[in-house]
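Numbering (this note's numbering), first residue to last: -4 to 147.
Here a beta-carbon is modelled for each residue, glycine too, at the ideal position from N, C-alpha and C.
Read the structure below first, then the notes.
What follows is the structure, encoded as structure tokens:
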């Protein structure tokens, strides 16, 4: 098994408000540290992309598309918001590479993507600070390499 061959960031870890949440006229922004993460990925030379679903405001989509262009990432629009849709879109763009792909998503959007543990994908789920958990790392498969990692 090779290393991580690509990283996909869900919009939920980048945007300053919950995806689809109302803005009440406030500007859409990235979370603190998001630009640092995007710059680091660009310099890593690992293929990277940003995924998003229907329901985002025009301002949110425009912000994400600006970052896709700025950092030379791929953009993955997920019509169904399901794991199979993500796998299909990424394999169309990047091909079937040996190794694993990594998907990073917020805890509140994790449920549809827990199915990735039956693939070569590694799912990283970002939780809110202080969110309770039994372990820092939860193994979602029986292999020695975790397929789902929860981070507080």
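DSSP bridge partner residues for residue 45 (one or two, in chain order): Here residue 45 refers to the residue found at position 50 of the chain shown. The partner list for residue 45 (beta bridge, DSSP) reads 4, 70.
Meets three-Cβ-pair contact criterion under 8 angstroms: the segment 29 to 39 and the segment 71 to 83: no
Where residue 111 sits in the DSSP three-state scheme: Walking along the chain shown from the start, residue 111 turns up at place 116. Secondary structure of residue 111 (DSSP, three-state): helix.
Proximity of residue 41 and residue 2 at Cβ, strictly below 9 angstroms: The count along the chain shown starts at 1 and reaches residue 41 at position 46. The count along the chain shown starts at 1 and reaches residue 2 at position 7. Yes, the pair counts as a contact, with Cβ atoms nearer than the cut-off.
Same chain, Cβ closer than 8 angstroms to residue 30, neighbours up to 5 away in sequence not counted: Translated into the one-based positions of the chain shown, residue 30 becomes position 35. Answer for residue 30: no residue qualifies.
Cα-Cα separation, residue 114 to residue 101: Against the chain shown, residue 114 aligns to sequence position 119. Against the chain shown, residue 101 aligns to sequence position 106. Whole-angstrom Cα-Cα distance: 20 angstroms.
Sequence-distant residues of the same chain with beta carbon closer than 6 angstroms to residue 4, five excluded per side: Numbered from its first residue, the chain shown carries residue 4 at position 9. The residues are 45, 99.
Range of the contiguous alpha helix (DSSP H) that encloses residue 121: For the purposes of this step, residue 121 is taken as residue 126 along the chain shown, with counting starting at 1. Careful: residue 121 lies outside any alpha helix (DSSP H), inside the beta strand (DSSP E) at 117 to 121.
Neighbour-count burial assignment, residue 97, 16 or more Cβ in a 10 Å radius: Sequence index remark: in the chain shown, residue 97 carries index 102 (1-based). Flag for residue 97 reads buried.
Nearest to residue 73 (by Cα), restricted to the options 85, 67, 65, 43: Taking the chain shown and counting its residues from 1, the one referred to as residue 73 is at position 78. Answer by Cα proximity: 85.
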